[in-house]
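Chemist: For reference, each letter of the sequence shown is one residue, going -4 to -1, 1 to 302 in mature numbering (1 follows the signal peptide of the UniProt record, and there is no 0).
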Amino acid sequence: AGCAGGDAGPGAGGDDDIVVGFAQVGAESGWRTANTKSIQGAFEEAGIELKFSDAQQKQENQIKAIRSYIQQQVDVIAFSPVVESGWDTVLKEAKDAGIPVVLTDRAVDSKDDSLYVSFLGSDFIEEGKKAGEWVVQEFADADSVKIVQLEGTTGAAPANDRAEGFADVIGADPKFEIVASQTGDFTRSGGKQVMEALLKSNPDVDLVYAHNDDMGLGAIEAIEAAGLVPGQDIKIVTVDAVKDGMQALADGKINFIVECSPLLGEQLVDIVRKVVAGEEVEKRIVTEETTFTQEQAVEALPDRQY
Ligand code: AHR
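#1: Which whole-angstrom value describes the C-beta separation of V78 and A30, a residue pair presumed to lie in contact below a C-beta threshold of 8 Å?
#2: My understanding is that L174 touches I143, with C-beta atoms under 8 Å, so please give their C-beta distance in whole angstroms.
#3: Please check the pair V98 and L87, which I expect to be a contact at CB under 8 Å, by giving their CB distance rounded to whole angstroms.
#4: Take A38 and list the residues in its own chain whose beta-carbon comes closer than 6 Å to its own, dropping the five residues that flank it on each side.
#5: Helix, strand or coil: how does DSSP classify S177 here?
#6: Note down, in chain order, each residue of its chain lying with its Cβ closer than 6 Å to the Cβ of R102, except the 5 sequence neighbours on either side.
#7: Determine the closest residue to T286 out of V165, E122 and R63, with distance taken between C-alpha atoms.
#8: CB E134 to CB K249, shorter than 8 Å?
#9: Given the structure, does N208 come close to ligand 1, in the sense that its CB is under 7 Å from one of the ligand's heavy atoms?
#10: What residue from R184, A163, L111 and K125 has the CA that sits closest to N208's CA?
#11: With distances taken from CA atoms, which of A138, D181 and I35 is nearest L259?
#12: Return yes when the C-beta of D240 is under 7 Å from any heavy atom of ligand 1, and no when it is not.
#13: Leaving out the 5 sequence neighbours to the left and right, which residues in its chain are closer than 8 Å to K239 when beta-carbon positions are compared?
#14: Please classify K54: is it buried, with 16 or more other beta-carbons within 10 angstroms of its beta-carbon, or exposed?
#15: For D170, count neighbouring C-beta atoms within 10 Å of its own C-beta (all shown protein chains included) and say buried if the count is 16 or more, exposed if not.
#16: Just to confirm, are V204 and A246 a CB contact at a threshold of 8 Å?
#17: Can you give the Cα-Cα distance for A163 and D105, rounded to whole angstroms?
#18: Helix, strand or coil: which one does DSSP assign to F39?
What follows is the structure in structure tokens.
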């Protein structure tokens, strides 16, 4: 440490001098576990010290972790915000301390974009649109489509944006109706619980749109417990494409998955190196992603990394 603010000049020491503080959301999903592994692995490989904290999906824990990184005068703080709003005060504290902040995976809704140097992650609105486009195609011949939406963590960027992108696309045709929309907090148990309850009030639902694979996998359990066949009686579209999701897709229980890549570690190391060296970094780096049908999942599964 000791070269905070990106003013390390020539001879200021190599990567083994850099200290990074990372405030993770939690361990709510397979995606998150893969993301943590990618980040810890990349920093270890780079020989850069990484201080890591798990906020257990609570914003106050993340704020505490960030304040402790400021106190420890780390060189760079990176974090994936649990929710979008309420970050200005603590980000201002980091800025005043001369510590650059990198947002990974999720955005903040701050109006002052000088509070962070870069945002690396997916375009969640685009992901929601891709899910919606598949639904429009899949149900092209249907007269009416009843949809249950399993939302991610309330107030989280991927929950807000995936709902928005999806609604933008299906909203063009009134035959699509979201009959219920509730949060499952991005967890498998949350998805199962919500789906169990929603099936009781909406037994004739045609489609589940889950904001991540884990909630979709929970919904599958609830659908099967109700004596219905997931993927057939009720179609399912999810986001992420983690191994368990891809397996369910290959098995015909999920119908379509929009990819959201958790492999952000190497790119984050790159950004950190540049920031510490005082080089320019791009303000927004969008992750490259694809989509998977059932056939494509069968092909992709053997080489899937996470
Ligand atoms: O922010 C990314 C989202 O968070 C993933 O889609 C979800 O699985 C995770 O919990």
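Here a beta-carbon is modelled for each residue, glycine too, at the ideal position from N, C-alpha and C.
Modeler: So, to answer that:
#1: Between V78 and A30 the beta-carbon gap is near 18 Å, outside 8 Å, which marks them as no contact.
#2: Before going on, a small fix: residue 174 reads as Ile here, not Leu. The Cβ separation is near 5 Å, so the contact holds.
#3: About 11 Å; that fails the 8 Å criterion.
#4: G261, E262 and V265
#5: strand
#6: Non-local beta-carbon contacts of R102 in its own chain, meaning distances under 6 Å to residues more than five positions away in sequence, involve S76, P77 and A153 in chain order.
#7: E122
#8: no
#9: yes
#10: Looking at the Cα atoms, R184 is the closest of the given residues.
#11: I35
#12: no
#13: G26, L297, R300 and Y302
#14: exposed
#15: Here the sequence assigns Pro to residue 170, which means Asp is not the residue at that position. It is exposed - the Cβ of P170 has fewer than 16 other Cβ atoms within 10 Å.
#16: no
#17: 20 Å
#18: helix
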